[in-house]
Amino acid sequence: MDPKVLGQACAILESGGLVAFPTETVYGLGADAENPAAVARIYAAKGRPNDHPVIVHVAPGADLDYWVTDIPDTARKLVAAFWPGPLTLIMKRHPQIPDAVSGGQDTVGLRCPSHPVAIALLSAFKGGKGGVAAPSANKFGNVSPTTAQHVRDEFGADVLDAAGMAETAAHAVAAMITARMENPGAHVLDTARSLRVAVLDGGSSQVGIESTILDLSRLDTHGPVLLRPGHIGAQDICDVIGVMPNLPDQSAPRASGTLESHYAPKAPVALVEAAKLADVLVQLAAKGHKTAVIHYCDNAALPAGTFTAHQHMPSDAPGYAYGLYAALRAMDQSDAQLILVEAPPQTDAWLGVNDRLRRAAFGATGIVEKLLASS
Ligand code: TXA
Ligand code: MG
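Going by my numbering, the first residue of the sequence shown is number 714, and it counts up by one from there.
In structure tokens, the structure reads:
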């Protein structure tokens, strides 16, 4: 990571601006977690309701007591086992941490990512003592980005190029020096620049789907609760803490990644059983529909001439997760009216992938039947 670019990214963050950065799961859209005006810019840039909590990213070795009160033993064990890594822990928020990061709830979601660029940024920002609030760097409801180009595709003209980033950082530093305000970040960036996004490029995110989220904020009454499945599975967690996490009930906290419809491309997505894939493709083609296919069966199993685009996925869950969002984006860029996905196996290893696919397909329930019924 070029130290000059890293310095610019820190200056932008410290002045209340937005920096998108790679993590091992997906790219995040970051702002200073302790600056409510900066956190509000994340919501504005994403078009996201501001009562949704965002995850606070911290450097390796960060002082948990600064962010959290009543740290349970369970949390310390999980941190020792899985950080840096794709696990977010929800705990009781320390009163000194602004409630803007948790949408007004009394908790905070903390995670220490393992991507080297994320670690470099978090270790440099406020000398490694800061927190960077970051949801996935996509517009609300869209597919999460796993490359810097995906972030540029999401925010278009609002993305800073290298010259814009240097200029914004210089402006931020100058304004902070002149202002010498108690809370420099809050008003330093002028409105014209404040919603522009600087992007750090760290290649493709290795995991490809968002972190596992475990709620430890109500251990006494609810035990550990798995709010969002991911690369770190329930069994992995059980192996460390000795109890299997519970699934959320009605009283579980709101989580945007847990909205029924999420991670959706523009074209409707339909899941189809592996055994029926070829047959459905033939029927859709016979009706003149343009279909894109995401599959893990051999290319040869797809009937020729029945699809306009296809993406062959690895048949192991981590490999599939790695390529999933890029595949959804690529298929969305074809002229297909429908993205047909060969349903992966229903085993535990596939929980995270199946969760994201189910949400991507949620808004389009019954679409295949509808297309086949039309004349
Ligand atoms: O892998 C990830 O977690 C990525 C990268 C950038 O770290 N981030 C991510 O953020 O997926 P986002 O905002 O797209 O999803 C975060 C989820 C949301 O569902 C949010 O509601 C939940 O975490 N969350 C954050 N803080 C919470 C809290 N205090 N209580 C309950 N849920 C929380
Ligand atoms: Mg998201």
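Note that CB positions come from ideal geometry on N, CA and C, so glycine has one too. Quantities reported herein were computed from a predicted structural model and do not represent experimental measurements.
For I890 and G1036, the rounded distance between their alpha carbons:
On the sequence shown, residue 1036 is found 323 positions in, with the first residue counted as 1. On the sequence shown, residue 890 is found 177 positions in, with the first residue counted as 1. When the Cα atoms are used, G1036 and I890 turn out to be separated by approximately 44 Å.
So what does DSSP say about M804, is it helix, strand or coil?
Within the sequence shown, residue 804 is the residue found at index 91, counting from 1. Strand, per DSSP.
Can you tell me whether N763 is helix, strand or coil according to DSSP?
Looking up residue 763 in the sequence shown gives position 50. Residue state, collapsed to three classes: coil.
Pick helix, strand or coil for V910, following the three-state DSSP scheme.
Stepping through the sequence shown from its first residue, residue 910 is reached at position 197. In this structure, V910 counts as strand in the three-state DSSP scheme.
Spatial neighbours of G1065 in its chain, beta-carbon cut-off 7 Å, leaving aside the 5 residues before and after
As a working mapping, residue 1065 is identified with position 352 in the sequence shown. Correct list, in chain order: I922, P942, G943, H944 and A1034.
Where does N1067 fall in DSSP's three states?
By one-based count along the sequence shown, residue 1067 stands at place 354. Residue state, collapsed to three classes: helix.
Is I945 near ligand 1, with its Cβ less than 8 Å from a heavy atom?
Locating residue 945 in the sequence shown gives position 232, where the first residue counts as 1. Flag unset: Cβ of I945 not near ligand 1.
Could you give the residue range of the alpha helix (DSSP H) that holds G1032?
Position 319 of the sequence shown holds residue 1032. Segment A1030 to D1045, the alpha helix (DSSP H) holding G1032.
C-alpha distance - A813 paired with P785, whole-angstrom precision:
Working through the sequence shown from its first residue, we reach residue 813 at position 100. Working through the sequence shown from its first residue, we reach residue 785 at position 72. One C-alpha to the other measures close to 23 Å.
Buried or exposed for G730, going by 16 or more other Cβ atoms inside 10 Å?
Counted from its first residue, the sequence shown places residue 730 at position 17. Per the 10 Å Cβ criterion, buried.
Q862 by DSSP, collapsed to three states: which one?
Counting from one through the sequence shown, the residue named residue 862 turns up at place 149. Helix at Q862.
Runs of beta strand (DSSP E) wholly within the stretch 808 to 852 (minimum 3 residues, chain order):
DSSP runs (the beta strand (DSSP E)) wholly in the stretch 808 to 852: 820 to 824.
Around the Cβ of S1028, are there at least 16 other Cβ atoms within 10 angstroms (buried) or fewer (exposed)?
The count along the sequence shown starts at 1 and reaches residue 1028 at position 315. By the neighbour-count rule (16 or more Cβ atoms within 10 Å), S1028 is not buried but exposed.
Buried or exposed for G817, please, with buried defined as at least 16 other CB atoms from any protein chain shown within 10 angstroms of its CB.
Taking the sequence shown and counting its residues from 1, the one referred to as residue 817 is at position 104. Exposed.
Taking the beta strand (DSSP E) that A1005 falls in, what are its first and last residues?
Translated into positions along the sequence shown, residue 1005 becomes position 292. That run of the beta strand (DSSP E) goes T1004 to H1008.
Any heavy atom of ligand 1 closer than 8 Å to the CB of H807?
Here residue 807 refers to the residue found at position 94 when the sequence shown is read from its first residue. No.
Got a sec? Which residues, its chain only, sit under 7 Å from C723 by beta carbon, not counting five neighbours each side?
In the sequence shown, residue 723 corresponds to position 10, counting from 1. Cβ neighbours of C723 beyond the five flanking positions: A837 and F838.
Measuring CB atoms only, is the stretch 853 to 871 touching the stretch 766 to 785, in the sense that at least three cross pairs come out at less than 8 Å?
no
Residue of V901, S907 and G1001 minimising C-alpha distance to G877
Stepping through the sequence shown from its first residue, residue 877 is reached at position 164. Per the C-alpha coordinates, the member of V901, S907 and G1001 positioned closest to G877 is S907.
Determine the closest residue to A846 out of N1012, Y779, R931 and S815, with distance taken between C-alpha atoms.
Position 133 of the sequence shown, counted from the start, is the residue given in the question as residue 846. Comparing Cα positions, the closest option is S815.
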